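K.L.:
Take this structure first; my questions come after.
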Amino acid sequence: MSSPAVATRTGDAPIYSVRRRESLHILRGALKTFRGATGALLTLGVVGVAALGPLLAPHGGTDLLGAPFQKPGSDLPLGADELGRDVLSRVLYGGWELLLVAAAGTALGIVVGTAAGVVAAYVRGSADALIMRTVDVLLAFPQLVFVLLLVSVIGPKTWLLVVGVGLSHAPQVARVLRSAALDVSERDYVKAVEILGVPPGRVMRREVVPSLITPLMVETGLRMTYSIIIIAGLSFVGFGLQPPSPNWGLMINENRIGLTQNSWPVLAPALLVALLTVGLNMLTDAIARVALGVDRAERAIAAEALGAEPTVDVA
Amino acid sequence: MTSPSQPLAVVENLDVSLRSSGKPVLEDVSLSLARGEILGLVGESGSGKTTLGLAMLGHVRRGLSITAGRITFDGADLRTLPPARLRRLRGASMAYVPQDPATALNPLMKVGALLREVLTAHGRSKDEAQARVSEVLGEVGLPGSEELLSCFPHQLSGGQQQRFALAMAFACRPSLIVLDEPTTGLDVTTQRTVLDTVSNLCASYGVAAVYVSHDVAVVSGLAHRIAIMYAGRVIETGSTGEVFGRPMHPYTRGLLRAVPSPKVAGRLVAMEGVPPRPGARPQGCSFQPRCPVRIEACATVQPELLPTDDPDHLARCLLTQGTGSASTAAAFPRRGDLPGTTTRANGEALLAVRGLSARYGSTPVLEDIALAVRPNSCVAVVGESGSGKTTLARCITGLHTNWQGAIEYRDATLPAGVKTRGRDVLRSIQYVFQNPYASLNPRRTIGATIALPLLHFGGRRSWRELDAAVSDAMQSVALPFELAGRYPDQLSGGERQRVAIARALVVSPELLICDEVTSALDVSVQAATIELLRRLQQERDLAMLFITHNLALVRSIAQEVVVLQAGRIVESGSVEDVLERPRHAYTQRLVEHVPTLEPLLSS
Amino acid sequence: MATPEVARDDLVRLPASRTRSPWREIRALVARRVALGVVTLFLVTVVVFAATQVLPGNAAYAVLGHSATPQAISALEKEMGLDRSAVSQYWSWFSGLFQGDLGKSLANGEPVGSLIGPRLENSAFLVAVSGAIGTAIGVLLGLWAALRRDKPIDHVLSVTLLALTSLPEFVVGIVLVLVFASVLFHVLPAVAVLSPGQAPWDAPKLLILPTATLVIVTVPYLFRMVRAATIEALESEYVEMARLNGLSPLRVLVRHALPNAIAPTIQVIGLNFLYLAGGIVVVEFVFNYPGIGQGLVNAVSDRDIPIIQFTVLVLAAFYVFMNIVTDVIALLATPRRLFR
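Residue numbers (the numbering used here), protein chains in the order written: chain A, 363 to 677; chain B, 15 to 617; chain C, 141 to 480.
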């Protein structure tokens, strides 16, 4: 089937378009709610700090400029950390790598998980069984533990962090997307196209996948939040992003000793991580509510957030 | 307490609105119900009939609130009654029979416990309750055995569940029962028995009932009085014989002309337009935009519910106040007859099914099915749920492949599955699904949906060609081309079904299979759809296989009919023969139990 | 009074399986789940083994470091059995597990079992206490909020708990330490180090902050689910029916609404314990609590492979076990599946 992407007739709306920019639609709706607006604000704020921080940092992240745990003063607004480095600068440098690795891991997890879930749902049979068994096995590992396991032998390499986090997300994403795709495949409008003799691949691409926007958006939001928590947590225990390059998780741990002398090296990054995760979660929540309606969104997220077998939540 | 001669329940000037937006759902509703009287509350979806039925029990659904008016039961004002007193009345003096007992019965409680609970909550002792449980189950025709009582609701069949709901309602011997479309989804025979039970129990115990329904024929056999609802108001009320025999309000007249009948082969006539949604009700009379006899005053003046030529027969129409309906009769001519039902006897069968037996897994669903469809004729397949009629459709269209037997199409064997069929065959057989709310991709525009089969079978086309083809298709189903850019959720159910029909017809098939295509639609919309299909079938020389459970519809669209029971064909022949002289016991039962309006309709 | 005659057979026919007891369903489910669980665990052992001993990055190098002499490396390889094929290595390890030989810690030569045993006890206690408290608080709050739906207190609770749920455990832990143990107040200990041989229940003050951390992070999940499930039950048609039958509000709540909110809640309670099992890794690290989480982190930095392997296996086994238990309880709470 050769189907035109968009056809515009003089002045009229495109009537042959298949998609209708649904994700933007949902996003806009979410931003109008309190949760969505607050969440977006917090998220963008912290992302801004992380992305622009390196350009605004007054000093280098590894320069020794003061006494260990020196209190905040005029030259070091947040004081110094355990080695005498400028806390403010380290905080400004410490976000982008965390975000990048988390985003990469999330992307990997979503792509792999979605592909696995949709194929399992549409092809069924032995492919489905194989994928779901793999999902079961991988889900038996808590996410942090899984990445720790991988890191234990190979070492905390950045690429391994990305792969590990991605692989730890993939099973749950696969479960959710498979459940949603199964539901969509049974619907009459998909059968209406099958009846014409359209091959399964095309049916999957044009009829099933576009209907998966809602679970995809919600999953991306949830997974991104967890990615940040895991990478920051791993860095905190020392097996994530490595010193001496600053990152927020690491900073929180290495400056614990001097908590009573200068709490800023712990508090500042902790605050930023907290605001980011809270913001992302609120935004995801708002998106789910707009797409599914408040009640269904509550049920769906409440179960799924802990890793439950998903109830169908396709709009 | 009121005396026996005073009405049991009275509603005065009731207004019910949406809590969030204030949009009115019921406006200025007044009616009264005498003891032992059965009132039929008739209306299409959105008319507010269920809301009114519940309001008579002093209850509104979440999201609604009563903003004005009085509801009286046995002299007590339900709105000002203290909650404890209201609870004492509910279940004991006034009861409710839900539309869907499957969801209205607590899935975690055994049915015996549910029934006993209602009795003990209203003062019966354990022993009294036990005795009454057996008694009332017997009254509704269910066995009072321990076996039944220890079942969970999901273990009972649909008919059993509905009877059980009746038993719960009648248990405490109430004086008022509100029944909310209780026979929806039930087989015709089960429906008949439930209606008989209701009628008997009400008569025996002098129970007043409010029967909410959209099905005019069902109500006509049961109710003493009728109230017709439209757009949140009562627009006509009177005795059943009066309202259905001499309808006054133009809407009532239109509604009656849209009701199909198994006895009379008549063209179904639909009303233009759709009922207004709450908040979008027009100025003046709410029906006026669709009314064929409206006058100027109708657009500005809201008519009151006033007597017509019979003081007991009230109508909310400026044209009928104090007068009879003669003035408006001219706009409602008798239903036209259908053109001759002779098929082209010399036509070869386009589709021939022989010895078809189908299974789902290891369960047999169809046994030895044989039928033939000729070009320019419509064969109806009638069966109740579980008869296998949808499976038959799926076998023919290639969605279901687990069958044996022979299907021949255009004199060649039809391969079993969609994957194995040639393009031309796929194009030539088209299918319209039952649920218009699910058969259109919500993320595709109407134009794209209709164009899809064209593009699939026809390859590349220029925009102009596509536009022309889509425009033609939409025109043939009476949809304006400007809807092509909209999405399904912006269209009504009837419009969506038309889009589905247009999509099926855009590639000029030779065989069209319609699977319960009007089950999800209101009566007047159903009438329009059936008429549309009939007209299209004749204009395009289509062969049509029309699957339905509604025997009455068959008369208005098909020439031949096949009756399915539990996977087998029990009778087949011309529509006239089978419906007027049924031979098989099952067919006879079906024909006998289909509710009809005939006794009441005037000529 | 005449009873309707038609279609009597429909009315008297009850599901044939009425004579079947529910135990069949339960046994069937348990058998299925246990079988599946065994297979899953087996595959888990394969994954664990592959990750630690077969992947690139020679395990011996990992233990000794790159500056080790080739002789030391090959000696350790022989001792670890790395010169044999992957399958035979796996088999000897696996069969060892079954016989109770869990190997020896590479860091100090002690048998793995005696090292992990007490840690397991400590972690189990922490998880049990946090889980119990968290469940109690989450369920009660969730119920309360459901009954006050859409009132201001419900909104406040929901948004606050939404915020809390997204915080990483270590952030919560650090903030608690900051507030209660070091900077603002000094009422609670900043670390929860147990003396060797001391049982956790003998030192409750030490456990307050770690438990509080875990509770704060997990209560929101429970709250949300209980609230959603209860609201759904309260707005169901069978509850409306019960009200229309004149039953008292208390009876409607207790007999009709709540029982229907149990099944989804059970599932989330089980999952909560699983989440806790993963969360203790970071929390034990923050508070220096001698549980298997801290043991795992230490083992990773020491490259103590047998300890890593066994710890991960224990966690996975816990996951499989909890899933089976949750599924069975959910089945027991659903007559629709139990009695067909």
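Positions of the beta carbon are idealized from the N, C-alpha and C atoms, including for glycine. In this text the structure is predicted, and so the values were computed from the model without any measurement.
Which residues in chain B have a C-beta closer than 8 Å to the C-beta of R549 of chain A? List them in chain order.
P.N.:
A452, listed in chain order.
K.L.:
Is it buried or exposed for P494 of chain B, if we count other Cβ within 10 angstroms and need 16 for buried?
P.N.:
P494 of chain B is exposed by the Cβ-count criterion.
K.L.:
To be precise: take each residue of the region 381 to 415 of chain C, compare its Cβ to all Cβ atoms of chain B, and keep it if any distance is under 8 Å. Which residues remain?
P.N.:
Cβ contacts with chain B: M381, A382, R383, L384, N385, G386, L387, S388, R391, R395, H396, P399, N400.
K.L.:
Quick check on L455 of chain C - is its C-beta less than 8 Å from some C-beta in chain A?
P.N.:
L455 of chain C counts as touching chain A.
K.L.:
Can you check whether the CB of V396 of chain B is closer than 8 Å to the CB of L385 of chain B?
P.N.:
No; because the gap between Cβ atoms is not below 8 Å, this pair is not in contact.
K.L.:
If we call anything under 8 Å between Cβ atoms a contact, is V513 of chain A one with V440 of chain C?
P.N.:
Result yes, Cβ atoms of V513 of chain A and V440 of chain C sit closer than 8 Å.
K.L.:
Who are the Cβ neighbours of E261 of chain C in its own chain at under 8 Å, not counting the five residues just before and after it?
P.N.:
Same-chain partners within the cutoff: A339, P340.
K.L.:
CB-CB under 6 Å to V584 of chain B, same chain, minus the five flanking residues each way: which ones, in chain order?
P.N.:
The residues are V577, H598, Y600.
K.L.:
Apart from the five residues just before and just after N27 of chain B, which ones in its own chain have a Cβ nearer than 8 Å to its Cβ?
P.N.:
Cβ neighbours of N27 of chain B beyond the five flanking positions: D42, V43, S44, A82, G83, R84.
K.L.:
Tell me the rounded alpha-carbon separation between D382 of chain B and A554 of chain A.
P.N.:
Looking at the two C-alpha atoms, the distance is approximately 27 Å.
K.L.:
According to the neighbour-count rule (16 or more other Cβ atoms, all chains shown, within 10 Å of its Cβ), is M141 of chain C buried or exposed?
P.N.:
For M141 of chain C, the pLDDT reaches just 34, beneath the cut-off of 50, and the residue's location in the model is therefore unreliable, leaving the point undetermined.
K.L.:
Assuming E161 of chain B and F184 of chain B make a contact with CB atoms under 8 Å, what is their CB distance in whole Å?
P.N.:
Incorrect: roughly 22 Å between the Cβ atoms, too far for contact.
K.L.:
I need the straight-line Cα distance from A402 of chain C to A343 of chain C, nearest angstrom please.
P.N.:
First, the amino acid is wrong: residue 402 of chain C is Ile here, not Ala. Cα-Cα distance, rounded: 34 Å.
K.L.:
Please check if any C-beta of chain B sits within less than 8 Å of the C-beta of I649 of chain A.
P.N.:
No, no contact with chain B.
K.L.:
Determine the chain B residues that contact P292 of chain C at a beta-carbon separation under 8 Å, and present them in chain order.
P.N.:
Under the 8 Å cutoff, chain B gives no residues; its nearest Cβ is about 17 Å from P292 of chain C.
K.L.:
8 Å is my cut-off, CB to CB: does L71 of chain B come that close to chain C?
P.N.:
So yes, L71 of chain B belongs to the interface.
K.L.:
List the whole-angstrom C-beta distance separating D498 of chain A from T180 of chain C, where the pair is believed to meet the contact cut-off of C-beta under 8 Å.
P.N.:
D498 of chain A to T180 of chain C, Cβ: 5 Å. Contact.
K.L.:
Just to confirm my understanding: we take V635 of chain A, look at its own chain, exclude 5 residues before and 5 after, and list those with CB closer than 6 Å. What are they?
P.N.:
So the qualifying residues of the chain are A594, W610.
K.L.:
Is the beta carbon of F87 of chain B sitting closer than 8 Å to the one on L66 of chain B?
P.N.:
No. Outside cutoff.
K.L.:
Alpha carbon to alpha carbon, what distance is there between G641 of chain A and L403 of chain A?
P.N.:
Approximately 7 Å between the Cα atoms of the pair.
K.L.:
What does DSSP give as the partner residue(s) for K244 of chain C in the beta ladder?
P.N.:
Beta-bridge pairing links K244 of chain C to C:P251.
K.L.:
Rounded to the nearest angstrom, what separates I371 of chain C and F601 of chain A at their Cα positions?
P.N.:
Distance between the alpha carbons of I371 of chain C and F601 of chain A is about 43 Å.
K.L.:
Does H326 of chain C pass the burial test, meaning 16 or more other C-beta atoms within 10 Å, or should it be called exposed?
P.N.:
By the neighbour-count rule (16 or more Cβ atoms within 10 Å), H326 of chain C is not buried but exposed.
K.L.:
By the three-class DSSP mapping on this structure, what secondary structure does M579 of chain A have?
P.N.:
Helix, per DSSP.
K.L.:
With 16 as the cutoff for other CB atoms within 10 Å, does V473 of chain A come out buried or exposed?
P.N.:
Exposed, since its Cβ has fewer than 16 Cβ neighbours within 10 Å.
K.L.:
Kindly provide the ranges of any alpha helix (DSSP H) runs that are 4 or more residues long and lie completely inside the region 577 to 647 of chain A, ordered along the chain.
P.N.:
Segments of the alpha helix (DSSP H) lying fully in the region 577 to 647 of chain A: 610 to 616.
K.L.:
Evaluate the contact criterion for the region 172 to 181 of chain B versus the region 219 to 235 of chain B: three or more CB pairs, one atom per stretch, below 8 Å.
P.N.:
At 8 Å Cβ cutoff, the stretches do not touch.
K.L.:
Compile a chain-ordered list of the residues in the region 117 to 141 of chain B whose CB is closer than 8 Å to at least one CB of chain C.
P.N.:
If the cut-off is 8 Å between Cβ atoms, the region 117 to 141 of chain B has T117, A118, L119, N120, P121, L122, M123, E131, V132, A135, H136 near chain C.
K.L.:
Using a cut-off of 7 Å between C-beta atoms, extract the partners of G487 of chain A located in chain B.
P.N.:
Correct list: empty, because the minimum Cβ distance to chain B is about 15 Å.
K.L.:
Using the beta-carbon of each residue, which ones in chain C are nearer than 9 Å to Q3 of chain B?
P.N.:
In the structure as shown, chain B begins at 15 and stops at 617. Residue 3 of chain B is therefore absent and cannot be evaluated.
K.L.:
Along the chain, where does the alpha helix (DSSP H) containing F427 of chain C start, and where does it finish?
P.N.:
Looking at the DSSP string, the run of the alpha helix (DSSP H) that includes F427 of chain C is 398 to 427.
K.L.:
So, are the CB atoms of S164 of chain B and E195 of chain B less than 8 Å apart?
P.N.:
Contact flag unset, no.
K.L.:
Quick check: the Cα distance between V525 of chain A and S376 of chain B, rounded to an integer number of angstroms?
P.N.:
Each residue's alpha carbon lies about 46 Å from the other.
K.L.:
Spell out whether any CB of chain A is found under 8 Å from the CB atom of V333 of chain C.
P.N.:
Not an interface residue.
K.L.:
Compute the beta-carbon to beta-carbon distance between A532 of chain A and A483 of chain A, rounded to the nearest angstrom, for a pair I have assumed lies under 8 Å.
P.N.:
With 8 Å as the limit, A532 of chain A and A483 of chain A do not qualify as a contact, their Cβ atoms being about 15 Å apart.
K.L.:
Is N455 of chain B close to chain A, meaning its C-beta is less than 8 Å from at least one C-beta of that chain?
P.N.:
At least one chain A Cβ lies under 8 Å of N455 of chain B.
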